[in-house]
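Undergrad: Residue numbers (our numbering): -13 to 76. The beta carbon of each residue, even a glycine, is placed where N, CA and C say it ideally should be. All figures in this text were calculated on a predicted structure; none of them were measured in a lab.
#1: Of the residues 7, 19, 47, which one's Cα is nearest the Cα of residue 71?
#2: Run through DSSP, which three-state label would residue -11 get?
#3: Consider the Cβ of residue 41: report whether some Cβ of chain B lies at a distance smaller than 7 Å.
#4: Would you mind giving the Cβ-Cβ distance between residue 16 and residue 57, rounded to the nearest angstrom? I have them listed as a contact below 8 Å.
#5: Between which two residues does the alpha helix (DSSP H) containing residue 50 stretch?
#6: Leaving out the 5 sequence neighbours to the left and right, which residues in its chain are closer than 7 Å to residue 43 when beta-carbon positions are compared?
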């Protein structure tokens, strides 16, 4: 049986992990990127293909005519939008 978590739950878990690491004294420079990496690892460890999905979304953002810097509000909105679109297709 393969366990699958909803995206919101994975994000909540990853936020909790990053917060616990910060509370333990680990300095986290970019929490947004750290959360995405943790979420991707959680998804990959649960048998999901979030790593492939993450790579596809990042490639789609990178292919835009105008560069969108990672970590900005626009990048986050596009990341969420493309993740939802590609998830539905798969």
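TA: In this structure, then:
#1: When each option's Cα is compared against that of residue 71, the closest is 47.
#2: The predicted model places residue -11 with a pLDDT of 49, which falls under 50 and marks its position as unreliable; any figure quoted below should be read in that light. Residue -11: coil per DSSP, three-state reduction.
#3: Looking at the structure shown, chain B is missing, and only one protein chain is on hand.
#4: Confirmed, Cβ separation roughly 6 Å.
#5: It is not in any alpha helix (DSSP H) - residue 50 carries neither H nor E in the DSSP assignment.
#6: 65, 68, 69, 72.
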